[in-house]
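Peer 1: Residue numbers (the numbering used here): 259 to 370. Structure provided below as structure tokens; questions to follow.
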């Protein structure tokens, strides 16, 4: 995919299993949207420890909330992070990305 993702070593085993299970169920377009949103966020937050920690925090929140699609990543920025200048900037850019690509404003969750 060309984008260096958050280090898998920063995630606990249970989280890794959940992410891999969701990833396997996603179609290629959803995977690309997830990667693009993470790349946009890291381009603003930086790919060092702080940026990676924010990504991990969002993934934990996404999973804990019951989302079944990693392309929901952008929905969870404002729900997860304290909104400083960089967080607001990333949130706005990713919101525009989501609108441009007609991504859902609601997480993909099972009905029951």
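Backbone N, C-alpha and C fix where the C-beta goes; we use that ideal spot for every residue, glycine too.
#1: Helix, strand or coil for residue 305? Go by DSSP, reduced to three states.
#2: Grab the span of the alpha helix (DSSP H) containing residue 279 for me, first residue to last.
#3: With DSSP collapsed to three states, give me the class of residue 318.
#4: Below 8 Å, how does it come out for the stretch 335-351 and the stretch 298-306: are there three or more Cβ pairs, yes or no?
#5: Skipping 5 residues on each side, what residues in its chain have a beta carbon closer than 8 Å to that of residue 372?
#6: Smallest Cα separation from residue 320: which of 360, 282, 307, 292?
Peer 2: Quick answer:
#1: coil
#2: 271-283
#3: helix
#4: yes
#5: With the chain covering 259 to 370 only, the question about residue 372 has no answer from this structure.
#6: 292
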